[in-house]
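Novice:
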Amino acid sequence: MSEPQKTWTIATTAGDAVSGHLPAWAHDDPTAANVAPDQLPVELADISHRAYFDGQLLRVRDGASTAADERVLWSVLVCDPYAEEPDPRVPVVNVAIVDDYWVTHLDPDGLAELAAKLRAQADRLDQEIRPQLVASRADWAAHSNV
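Taking the numbering used here, the leading residue of the sequence shown gets 5, the next gets one more, and so forth.
The following block contains the structure:
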């Protein structure tokens, strides 16, 4: 038995309302009431369904500072149903790769450790996040009215 489908609703002070599919994986519900009618397009454009996935913790440096532990290759499952561009109107995954950070001075053991962490994250992308993306897109296609 599947769980009941959830929806969000944005209602204006003029009595108008827009509703849409709220994916089970979404962290936030964009439901809002008493929205000024002229703000409805803004509220709709701001809807962003998201689920976050940790990346790998690596010691990195940006060339200007000392080394620090940073998360790399973390990802976000996103659906922006009222986006201007068509791609994010269905669930997609964005992968954050640390901007201008380098993993430096790797010896053979350090390089092997980095490779293992990247392999582990690649496995997670393929085995955990990709199936959720496929299921999310199917759910979106079945229940979204956008």
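We put the beta carbon where it would ideally sit given N, CA and C, even for glycine. The structure displayed is predicted, hence computed values, not measured ones.
Using only CA atoms, which one of Tyr56, Phe57, Asp73 and Asp58 lies nearest to Val64?
Specialist: Within the sequence shown, the letter at position 60 stands for residue 64. Answer by Cα proximity: Asp73.
Novice: Give the range of the alpha helix (DSSP H) segment to which Gly114 is assigned.
Specialist: For the purposes of this step, residue 114 is taken as residue 110 along the sequence shown, with counting starting at 1. Counting along the chain, the alpha helix (DSSP H) containing Gly114 begins and ends at Pro112 to Arg128.
Novice: Terminal residues of the continuous beta strand (DSSP E) containing Ser140?
Specialist: For the purposes of this step, residue 140 is taken as residue 136 along the sequence shown, with counting starting at 1. Per DSSP, Ser140 belongs to no beta strand (DSSP E); it is in the alpha helix (DSSP H), Arg134 to His147.
Novice: Would you decide whether Leu77 is buried or exposed? Buried here means 16 or more other CB atoms lie within 10 Å of its CB.
Specialist: Within the sequence shown, numbered from 1, the residue matching residue 77 stands at position 73. Per the 10 Å Cβ criterion, buried.
Novice: According to DSSP, is Asp42 helix, strand or coil?
Specialist: Here residue 42 refers to the residue found at position 38 when the sequence shown is read from its first residue. Asp42 sits in a helix when the DSSP states are folded into three classes.
Novice: Let me know the beta strand (DSSP E) ranges lying completely inside the segment 37 to 88, each 3 residues or longer, listed in chain order.
Specialist: 53 to 57, 60 to 64, 72 to 76 and 78 to 83
Novice: Please report the straight-line C-alpha distance between Val22 and Asp130, rounded to a whole angstrom.
Specialist: What you label residue 22 is simply residue 18 of the sequence shown in a count that begins at 1. What you label residue 130 is simply residue 126 of the sequence shown in a count that begins at 1. Val22 and Asp130: Cα-Cα distance of roughly 35 Å.
Novice: With hydrogens ignored, establish whether the beta-carbon of Asp73 is closer than 7 Å to any heavy atom of the ligand ATP.
Specialist: Although the ligand ATP was asked about, the structure shown includes no ligands whatsoever.
Novice: In whole angstroms, what separates the C-alpha of His31 from that of Leu81?
Specialist: One-based indexing of the sequence shown puts residue 31 at position 27. One-based indexing of the sequence shown puts residue 81 at position 77. Those two C-alpha atoms are separated by around 10 Å.
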